[in-house]
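Novice: Chains as they are written, first to last, in the working numbering: chain Y, 1378 to 1802; chain G, 1378 to 1802.
Protein chains: 2
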Amino acid sequence: MRCWILTIGDELINGLRVDTNTAWLAARLSDLGVEVERAVSLGDDDGAIRDALAGALAGTDLVIVSGGLGPTQDDRTKEAVAAHFGVGMTRIPEIEEAVQTFFATRGRSITPVNLDQALVPDGFAWHINPRGTAPGLLKEQDDRLLFVLPGVPGEMRAFWHDWLEPLLQDRLGGRHIIRRRWFQTTGIGESDLFSRVGGLEDLAPTITLAYLPSAWGVALYVTGKGEDAPAVEAALAQAEARIVAGSGDWFFARGDVTLAEHLAEQLRERGLHLAVAESCTGGLLADTLTNVPGASEWLDRTWVTYSNQSKTEELGVPAELIAAQGAVSEPVARAMAEGARQQSGSDFALATTGIAGPTGGTPGKPVGLVFLACAGPAGTVVRRYLQGENGRRYNKQRAAANALDLLRRLVEKRNPFQGGWESPG
Amino acid sequence: MRCWILTIGDELINGLRVDTNTAWLAARLSDLGVEVERAVSLGDDDGAIRDALAGALAGTDLVIVSGGLGPTQDDRTKEAVAAHFGVGMTRIPEIEEAVQTFFATRGRSITPVNLDQALVPDGFAWHINPRGTAPGLLKEQDDRLLFVLPGVPGEMRAFWHDWLEPLLQDRLGGRHIIRRRWFQTTGIGESDLFSRVGGLEDLAPTITLAYLPSAWGVALYVTGKGEDAPAVEAALAQAEARIVAGSGDWFFARGDVTLAEHLAEQLRERGLHLAVAESCTGGLLADTLTNVPGASEWLDRTWVTYSNQSKTEELGVPAELIAAQGAVSEPVARAMAEGARQQSGSDFALATTGIAGPTGGTPGKPVGLVFLACAGPAGTVVRRYLQGENGRRYNKQRAAANALDLLRRLVEKRNPFQGGWESPG
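#1: Under 7 Å Cβ to Cβ from G1802(G), same chain only, skipping five residues before and after it: list those, please.
#2: Can you confirm whether T1679(G), when its beta carbon is compared against all beta carbons of chain Y, has any partner nearer than 8 Å?
#3: Compare the C-alpha of P1590(G) against each of Y1598(G), A1728(G) and I1584(G) and name the closest.
#4: In chain G, which residues lie less than 8 Å from Q1450(Y) when you measure between Cβ atoms?
#5: So for G1447(G), helix, strand or coil by DSSP?
#6: Just confirm the distance between the C-beta atoms of R1786(Y) and T1757(Y), as a whole number of angstroms; I'd bet it's less than 8 Å.
#7: Do the segment 1379-1397 of chain Y and the segment 1389-1404 of chain G touch if we need at least three Cβ pairs shorter than 8 Å?
#8: Residues of chain G with CB under 7 Å from D1387(Y), in chain order?
#9: Just tell me which of Y1771(Y), L1676(Y), V1417(Y) and G1575(Y) has its CA closest to the CA of G1648(Y).
#10: Can you tell me whether I1565(Y) is helix, strand or coil according to DSSP?
#11: Terminal residues of the continuous alpha helix (DSSP H) containing Q1686(G)?
#12: So, under 8 Å CB-CB, A1778(Y) and T1562(Y) are touching, yes? Tell me the CB distance rounded to an integer number of Å.
#13: Please check if any C-beta of chain Y sits within less than 8 Å of the C-beta of P1414(G).
#14: With 16 as the cutoff for other CB atoms within 10 Å, does K1790(G) come out buried or exposed?
#15: Taking buried to mean at least 16 other C-beta atoms within 10 Å of its own C-beta, is S1443(Y) buried or exposed?
#16: Does L1406(G) come out as helix, strand or coil in the three-state DSSP assignment?
#17: Grab the span of the alpha helix (DSSP H) containing T1454(Y) for me, first residue to last.
#18: Quick one: is S1568(Y) buried, meaning 16 or more other Cβ sit within 10 Å of its Cβ, or exposed?
#19: Are there three or more Cβ pairs, one per stretch, closer than 8 Å when the segment 1417-1437 of chain G is compared with the segment 1479-1488 of chain G?
#20: DSSP on G1802(G), reduced to helix/strand/coil?
#21: So which of D1539(Y), R1556(Y) and A1596(Y) has the shortest CA-CA distance to G1351(Y)?
#22: For S1572(G), go through chain Y and note every residue whose CB falls closer than 7 Å to its CB, in chain order.
#23: Using CA atoms only, rank isn't needed, just tell me which of V1744(Y), S1418(Y), A1630(Y) and A1726(Y) is closest to A1663(Y).
#24: Look up V1805(Y) in the DSSP assignment and say whether it is helix, strand or coil.
#25: With respect to the alpha helix (DSSP H) encompassing F1628(Y), which residues constitute its N-terminal and C-terminal limits?
#26: Following the continuous beta strand (DSSP E) through E1715(Y), name the residue where it begins and the one where it ends.
#27: Give the DSSP-derived three-state secondary structure of A1435(G) in the structure shown.
#28: Any contact between the segment 1740-1754 of chain G and the segment 1713-1729 of chain G? By contact I mean 3 or more CB pairs, one from each, below 8 Å.
#29: Note down, in chain order, each residue of its chain lying with its Cβ closer than 7 Å to the Cβ of W1503(Y), except the 5 sequence neighbours on either side.
#30: Given A1475(G), which residues of its chain have a CB within under 6 Å of its CB, disregarding the five upstream and five downstream residues?
#31: Expressed to the nearest angstrom, what Euclidean distance is found between the alpha-carbon atoms of A1622(G) and Q1615(G)?
#32: Three or more C-beta pairs under 8 Å: does that hold for the segment 1601-1617 of chain Y against the segment 1633-1643 of chain Y?
#33: Just verifying my parser: in three-state terms, what is the DSSP assignment at T1488(G)?
#34: Please report how far the alpha carbon of A1431(Y) lies from the alpha carbon of Q1477(G), in whole angstroms.
#35: Looking at the strands, I want to know which residues DSSP matches up with C1803(Y).
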């Protein structure tokens, strides 16, 4: 099945927005064995949309359009699509009702342009928007499918799960075998990991391996392709064995799982509770942990103690200790974690303190110095490291990732200093 | 000047990488007054590249290709470009020397494929890569420019600054004036805002207006274009006056400024300090506020009080109040904010409590019910609202944005209930 993706919106071609819908859709399509041949971004312009649509529909089996379905005059996609097929539009009462319900349940007032979302080009099937007001549209002609979806990522993704995925699965049947596996690592750089795991070139072409680094770790993404399911599974098993052996204790999970999700599972399984006292990560640890549904089962409370006074008042860090050692020091990180553990009655407590910069560094304590502490039933472990000048946000993320890795290693009883970590104690 | 961008690489159309080069290039081109009409992403495939190149070169003045210039066999761009023009390639000694120097200064060994970077399609100008090994290529024909650049973002950007920008500025001369303005709003939906501000169609074609909604608010982005600077400035002034008047107290800042950055400035200017007690936003407020450099000047401390016990122990919310009213209630939100203010000695304190779902709702208190409280020198204000089923992350963002909007309105002495907010008190 040959596919083109068209993403529509002035913001995509004037530099205001990075198009993330294409990559998201392409990954899901790829999971179904559909290869995207081309992705085109266009502005909100009738002529350009019609021109691109004609190009896309010639010689492909599937075209997915996203964007330009908003209620205002600058959104042109539906009009351009109707003009391409030379059809008018008809008002669909079920959509109008869904739009009215959408506004009513949110206590928002509705305007006539909102109700025009109920207009559907003649000859198109439609699907109610589970998250917004613009319906999804489908034109089916000569075994060729054209989907038209909103560009808001949450709405587009909801349509995929509710509508496109089951429909496409049904059409494709089982003729293409494609299997994907994720392996998650953290605390090791891409090139170090590559020197341990390699590229698995000897398993090509059945197996391809991609390294996907982020601030939170390096994910390994394995694709197995072929005509014969047992052969693909056997190659995947070989790939998995080599990845898991090569990445050692830096490996933490199989699957498309974040470090926080993995930790949530480890804590929940063991019936453990966590508290967090943050300084340099500024709430990012709490935010990351509470993104996991059900976090309240294992996360008791967290603090951001920015001021020295708050470290003393909230966590019981002695004021004299801060005065003598500085807020960014091994003993203060330790006292923050131990204070948070005691105050909350949790099993584990994490603490972060560091010099975020750009100012505040000294020769003995340069900008980028970070201490991470984890207090637990077996005592407190402190890690020290120096982060590069990668910007405030990236440094917060790296410190949060390293703190979660420290907690993971203590919860799972692994060596917390593997791979060059310094113990300042 | 009409422009197309082609980005090339299998990873861009199989979902492994989001294409950020297009938005980066489009923003820079736009600053020069060049409008990108279309952006196309393709795999590393000779036929597809030749086909797209033919389409791009027909009827445009400028085509920028990035990607697919790596030294390995899977990179196809240079071969496809040479084939499109029906030319061979010639080895350029200066490029070969630069590649050898690149490897030598990094202490890396060179292979014959690396030296093939010195092959340039006949009839093309070339430019040494300031950051890597693949040269930039330029074909000029009938006033039409075709640039071919590497896809590695750092290399592509270096070529832009060193080569494309000065060359294009020279070609364009001063004949095109382009000015941009941002206007930030929050607390109002896109369609409501549109019904107040409109599309400014009467100021076209000098002025174009884009609405850019996110979980944090709606940004208005105005572009003024023309041949005559005073006329463009006059039209921009008209646009600004109408946007600011139309968006009323929902307008909070000019420029490319986030809500948190704006608040930081307001607090700093007034010498005010802030504390935050979070439940349903789970640390996102703290994280968002501490992304602003210098946040420690005005942010004293924050809590995430997930458990009922932590609300009592940390913030002094009476246990009986939680038992009688429930943790998600007007009095508990109020008590959290007032407790946080008192405990920290801050001027203002924000609190959030809500039923994030998917479980935990009752008929009287459905999933999505949120209370936001702000305690300040003039007393405490509580807002109540019901959020839709938009997913955990989006709901956290909306609650955080609404809480920051409440704080902004109290700090700036604006009406905190404008626009349909409910006061549950």
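Each residue gets a CB set at the ideal place from its N, CA and C atoms; glycine is no exception.
These numbers come from a predicted model, not from an experiment.
Specialist: The short version:
#1: Per-residue confidence for G1802(G) stands at a pLDDT of 46, beneath the threshold of 50, marking its modelled position as unreliable; the derived number appears in the next sentence. Setting aside the 5 residues that flank it on each side, G1802(G) is surrounded in the same chain by E1707 and V1759, each with a C-beta closer than 7 Å to its C-beta; the list follows chain order.
#2: T1679(G) belongs to the set of residues whose beta carbon lies under 8 Å from a beta carbon in chain Y.
#3: Restricting attention to Y1598(G), A1728(G) and I1584(G), the CA atom closest to the CA of P1590(G) is found in Y1598(G).
#4: Taking a Cβ-Cβ cut-off of 8 Å, the neighbours of Q1450(Y) in chain G comprise G1576 and E1578, given in sequence order.
#5: Look at G1447(G) here: in three-state DSSP terms it is coil, with no helix or strand label.
#6: That pair is no contact at about 14 Å.
#7: Yes, the segment 1379-1397 of chain Y touches the segment 1389-1404 of chain G.
#8: The answer, in chain order, is A1587.
#9: Per the Cα distances, L1676(Y).
#10: Of the three classes helix, strand and coil, the one that applies to I1565(Y) here is coil, per DSSP.
#11: Per DSSP, the unbroken alpha helix (DSSP H) holding Q1686(G) starts and ends at N1685 to L1692.
#12: Going by Cβ atoms, the distance from A1778(Y) to T1562(Y) rounds to 11 Å, so no, they are not a contact pair.
#13: Checking the sequence shown, residue 1414(G) turns out to be Glu, not Pro. Output row for E1414(G): interface = yes.
#14: An exposed status is given to K1790(G), since fewer than 16 other beta-carbon atoms sit within 10 Å of its beta-carbon.
#15: So S1443(Y) counts as buried.
#16: Looking at L1406(G) - three-state DSSP - the assignment turns out to be helix.
#17: T1454(Y) -> alpha helix (DSSP H) spans T1454 to F1462.
#18: Here S1568(Y) is exposed. Its C-beta has fewer than 16 other C-beta atoms within 10 Å.
#19: Cβ pair count under 8 Å is below three, so no.
#20: Legend: pLDDT at G1802(G) = 46, less than 50; position of this residue unreliable, no value from coordinates given.
#21: This structure leaves residue 1351(Y) out entirely; chain Y is present only between 1378 and 1802.
#22: Under the 7 Å cutoff, chain Y gives T1488.
#23: Of V1744(Y), S1418(Y), A1630(Y) and A1726(Y), the residue nearest in Cα terms is A1726(Y).
#24: Nothing about residue 1805(Y) can be reported from this structure: the residues present for chain Y run from 1378 to 1802 only.
#25: Run containing F1628(Y): none in the alpha helix (DSSP H); it sits in the beta strand (DSSP E), F1628 to R1631.
#26: No beta strand (DSSP E) contains E1715(Y), which is instead part of the alpha helix (DSSP H) from E1707 to S1721.
#27: Secondary structure of A1435(G) (DSSP, three-state): coil.
#28: Counting C-beta pairs with one atom in each stretch, the segment 1740-1754 of chain G and the segment 1713-1729 of chain G have three or more that are closer than 8 Å, which means they touch.
#29: Same-chain partners within the cutoff: I1469, I1472, V1497, P1512, G1513 and L1514.
#30: Closer than 6 Å at the Cβ level, and outside the excluded window around A1475(G), lie I1505.
#31: Here the alpha carbon of A1622(G) sits roughly 11 Å from the alpha carbon of Q1615(G).
#32: Put simply, the segment 1601-1617 of chain Y does not touch the segment 1633-1643 of chain Y. Fewer than three CB pairs are less than 8 Å apart.
#33: T1488(G): coil per DSSP, three-state reduction.
#34: Looking at the two C-alpha atoms, the distance is approximately 47 Å.
#35: The requested residue 1803(Y) does not occur in the structure, where chain Y is confined to residues 1378 to 1802.
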